[in-house]
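Protein chains in written order, with my numbering: chain A, 3 to 553; chain B, 529 to 836.
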């Protein structure tokens with residue numbers, strides 16, 4: 003019995019850099035692997051910009067009553083930092099990894115809609131460019147990444163920054179909707195016929211749930227963005243209370259998108275971690291069914307928790323109570339996942355390669371961020387601590403300790419597959435320790451600052467007891483992260499100059515992408531791989547002890 | 529534990545208590561995760577166990593029992609949340625606020641409806657009395673937060689919010705606007721002074737006096753400048769025709785210890801700097817630079833400093 007059977011050739015090859023030499027193929031290509039890589043480059047590019055913005059923020063906040071940066075500029079910088087990191091770094095990084103990997107993991111040769119795939123990338127890219135063009139057009143958006151009305155309306159934001167914010171995010175939103183649609187269709191229709199849904203790699207499972215979230219969340223955001231654009235450009239009154247609109251309505255639109263978005267950025271990281279921990283523990287995931295189904299639970303619940311961002315708005319106890327309960331409930335499936343990841347390591351044979359190191363850091367820091375998140379579901383605590391540095395600390399624990407550490411684990415893990423070269427583990431360790439320690443120094447202290455009463459989004463603060471010393475150390479942590487990132491970029495640069503020497507399956511992993519050469523050919527699979535369990539390459543390499551047959 | 533602890537549990541105490549419960553449980557959960565992660569790392573490292581481990585795929589009973597345990601903990605906190613919420617957020621049917629605070633970019637307007645006192649930025653409250661605040665906004669969303677005296681509550685334009693406020697001891701309490709409200713959000717800080725009821729009464733009576741006046745040359749010159757240099761387009765003085773409410777009410781300006789939403793100490797030097805070029809002191813503030821001459825600034829300072 004062979005592992006592969008033949009796939010018929012495509013009648014007309016789709017454009018790709020590998021099918022011709024024209025420079026135009028950089029933008030005409032529909033090859034999912036090239037698009038995935040370009041998504042990752044896009045994320046890396048904006049990560050540099052967003053990271054420099056973060057450094058500017060920490061430089062300004064290092065000392066009380068600092069006047070390094072003017073308040074006008076500071077407000078633009080923190081708005082752009084948040085917007086960039088969420089829409090132009092984490093989103094494209096997750097979508098990029100998924101675009102590259104989903105077809106390879108399910109035994110498909112392309113995405114279901116290759117042209118839509120290219121369109122999604124270029125919309126995201128265009129949105130990002132437009133957003134940054136605002137700096138040259140009179141001023142960047144300055145009303146915060148959640149752009150609350152009426153501050154973001156004409157009366158209070160007179161530059162065009164907010165208009166660029168609205169149009170830029172509408173475009174990236176269209177890109178994300180396209181990507182979500184593509185993922186769902188690809189996963190549901192292009193799987194190798196052997197692969198049943200309960201045999202999908204967990205990364206693909208999470209992306210399937212995630213794609214449904216994207217498909218439902220981004221239209222909500224875009225509807226709100228369009229309404230505000232109409233307010234600003236055609237003097238409508240959707241969100242202007244003084245002329246009959248509602249400021250709370252914007253918050254509902256924004257957070258009904260915004261909270262699913264948090265999970266859109268978390269689920270792919272959950273998926274990456276669910277691939278990495280088993281491989282480096284030499285054991286299958288603990289409780290596959292629970293990890294997969296808890297994602298579905300998270301997906302469904304994530305739609306009924308948005309008003310926990312609005313507990314201080316003055317909603318009634320009944321409304322607050324509903325959202326408190328739903329927000330706490332979502333902690334149950336998330337907690338279950340952590341238990342399963344830790345359980346996977348039980349009685350394994352654990353090797354601490356760089357992807358695994360980041361997975362461990364994820365386990366610790368994401369758990370911490372998840373738990374501090376629960377304190378915001380406990381409404382009375384939220385009434386004290388929301389919109390303080392405690393919240394800033396919490397969200398960075400989730401987005402960096404969670405999403406970004408997941409992405410780092412994924413990049414170190416799949417880099418040999420994508421580029422054909424192994425990233426240097428020595429430099430990787432420097433990156434890991436500097437970044438993880440710096441991260442914890444910077445953001446752990448911010449919990450205390452929040453409890454001491456420091457509100458977020460302030461360009462400066464008075465010299466109150468402990469504020470100075472905590473802020474200085476917080477900024478020092480940022481320098482560690484900065485150096486760590488510089489080493490990461492150096493590592494990528496050095497590695498890309500080396501010849502392609504990576505073997506097909508350097509980590510001795512089990513999912514289908516590792517059965518292709520590193521990097522894969524333009525056509526992923528010449529034959530349809532035969533799959534009988536969740537770990538086809540395990541079965542191939544361990545014929546004496548194969549997994550349970552599922553088909 | 530002293531007896532009065534049970535008699536006077538404030539909202540802040542209730543929230544602190546809940547936070548302590550949360551902290552204990554969250555710390556235990558966190559430490560368990562960290563402990564097992566690192567224990568497994570050391571116990572099951574590849575050097576100690578190079579051989580192929582058993583390919584176990586999990587145990588449903590373990591999952592169900594842990595899920596049940598997590599659900600029970602969640603249930604306890606749901607209960608505590610609902611109960612505490614009900615105690616802290618209790619708004620009467622016909623709210624009679626003791627103090628109405630309106631957020632402006634970037635200062636606080638305060639009205640005491642019972643006595644009719646109107647002031648700004650410098651906010652006084654009596655101790656030992658749970659007072660009801662009415663909060664709203666004249667422009668964008670602000671948020672009222674004095675951590676030691678009560679919860680945080682947003683100030684929504686076009687909507688009245690109510691919350692309870694309580695100071696046990698006399699003293700000064702610091703807070704800050706906690707919703708991003710534009711350029712000078714950082715400089716929109718709060719200082720609440722709690723006085724014992726008698727002292728508070730005295731303060732109120734002082735604030736109710738008519739605006740001070742005198743016949744010195746500088747004062748009269750300053751008064752004339754104030755009335756002719758469009759200051760009164762934004763600033764009100766009680767008992768006159770000037771009732772605009774765009775900037776702070778200045779009737780008893782000199783009685784305030786600090787100005788510019790707690791940014792500066794109210795002294796001659798700071799006032800002079802502010803009047804000379806407001807944008808230099810607090811950029812983005814709504815007061816434009818009137819390009820006053822030095823002698824005009826002198827006169828305005830003399831005028832304003834007399835408004836005790």
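Note that the Cβ used here is the ideal one computed from N, Cα and C, for glycine as well.
Below 8 Å between beta carbons is the criterion; list the residues of the stretch 666-687 of chain B that meet it against any residue of chain A, in chain order. 667, 668, 669, 671, 673, 675, 679, 680, 681, 682, 684, 685, 686 and 687
The stretch 589-605 of chain B / the stretch 367-374 of chain A touching (three or more Cβ pairs under 8 Å): no
Buried or exposed: residue 137 of chain A, going by 16 or more other Cβ atoms within 10 Å of its Cβ? exposed
Proximity to residue 592 of chain B [Cα-Cα], best of A:39, A:404 and A:342: A:342
Beta-carbon proximity of residue 675 of chain B to residue 285 of chain A, cut-off 8 Å: no
Anything in chain A within Cβ reach of residue 837 of chain B, meaning under 7 Å, just list it in chain order. In the structure as shown, chain B begins at 529 and stops at 836. Residue 837 of chain B is therefore absent and cannot be evaluated.
Excluding the 5 residues flanking residue 179 of chain A on each side, which residues of the same chain have their C-beta closer than 7 Å to its C-beta? 216, 217, 220 and 221
Residues, ordered as in the chain, of the stretch 590-618 of chain B that lie near chain A by beta-carbon distance below 8 Å: 590, 591, 594, 595, 598, 599, 602, 605, 606, 608, 609, 610, 612, 613, 614, 616 and 617
Length of the line joining the Cα atoms of residue 255 of chain A and residue 226 of chain A: 6 Å
Interface partners of residue 707 of chain B on chain A, CB under 7 Å: 389
List the endpoints of the continuous beta strand (DSSP E) containing residue 182 of chain A. Segment 163-191 is the alpha helix (DSSP H) holding residue 182 of chain A; no beta strand (DSSP E) there.
4 or more residues per run - each alpha helix (DSSP H) lying fully within the stretch 437-525 of chain A: 469-499
Quick check on residue 478 of chain B: buried or exposed, where buried means 16 or more other Cβ atoms within 10 Å of its Cβ? Absent from the structure is residue 478 of chain B, since the part of chain B shown begins at 529 and ends at 836.
Check whether residue 546 of chain B and residue 612 of chain B have beta carbons under 8 Å apart: With respect to the 8 Å criterion, residue 546 of chain B and residue 612 of chain B are classified as neighbours on the basis of their beta carbons.
Assign residue 541 of chain B to one of three DSSP states: helix, strand, or coil. helix
Of all the CB atoms in chain A, is at least one closer than 8 Å to the CB of residue 561 of chain B? yes
Use the C-beta contact count for residue 730 of chain B: other C-beta atoms within 10 angstroms, 16 or more gives buried, fewer gives exposed. exposed
Alpha carbon to alpha carbon, what distance is there between residue 110 of chain A and residue 198 of chain A? 14 Å
Any Cβ of chain A within less than 8 Å of the Cβ of residue 694 of chain B? no
Which class does residue 144 of chain A belong to by DSSP, given the choice of helix, strand or coil? coil
Considering just the uninterrupted stretch of the alpha helix (DSSP H) at residue 384 of chain A, what are its terminal residues? 381-387
With a threshold of 8 Å between beta-carbons, can residue 557 of chain B be considered close to chain A, or not? yes
Indicate whether at least one CB of chain B lies closer than 8 Å to the CB of residue 19 of chain A. no
For residue 381 of chain A, would you say it is in contact with chain B, using Cβ-to-Cβ distances shorter than 8 Å as the test? yes
Taking Cβ-Cβ distances shorter than 7 Å, what residues in chain A pair up with residue 689 of chain B? Correct list: 316.
Short Cβ contact (8 Å threshold) for residue 405 of chain A with residue 294 of chain A: no
Short Cβ contact (8 Å threshold) for residue 142 of chain A with residue 78 of chain A: yes
Contacts that residue 565 of chain B makes with chain E (C-beta to C-beta distance below 8 Å): The structure shown has no chain E; the protein chains it does contain are A and B.
Whole-angstrom Cβ separation of residue 525 of chain A and residue 535 of chain A, contact assumed at under 8 Å? Not a contact, Cβ separation roughly 25 Å.
Using the three-state DSSP reduction, which class does residue 367 of chain A fall into: helix, strand or coil? helix
Give the DSSP-derived three-state secondary structure of residue 224 of chain A in the structure shown. helix
From which residue to which residue does the beta strand (DSSP E) around residue 703 of chain B run? 699-704
Rounded separation between residue 744 of chain B and residue 641 of chain B - CA only: 34 Å
Where in the stretch 576-651 of chain B do unbroken runs of the alpha helix (DSSP H), each at least 4 residues long, occur, reported from the N-terminal end onward? Inside the stretch 576-651 of chain B, DSSP marks whole alpha helix (DSSP H) runs of 4 or more residues at positions 588-616, from first to last along the chain.
Would you kindly work out how many angstroms separate the C-alpha atoms of residue 710 of chain B and residue 687 of chain B, rounded to a whole number? 20 Å
Is the beta carbon of residue 619 of chain B closer than 8 Å to that of residue 694 of chain B? no
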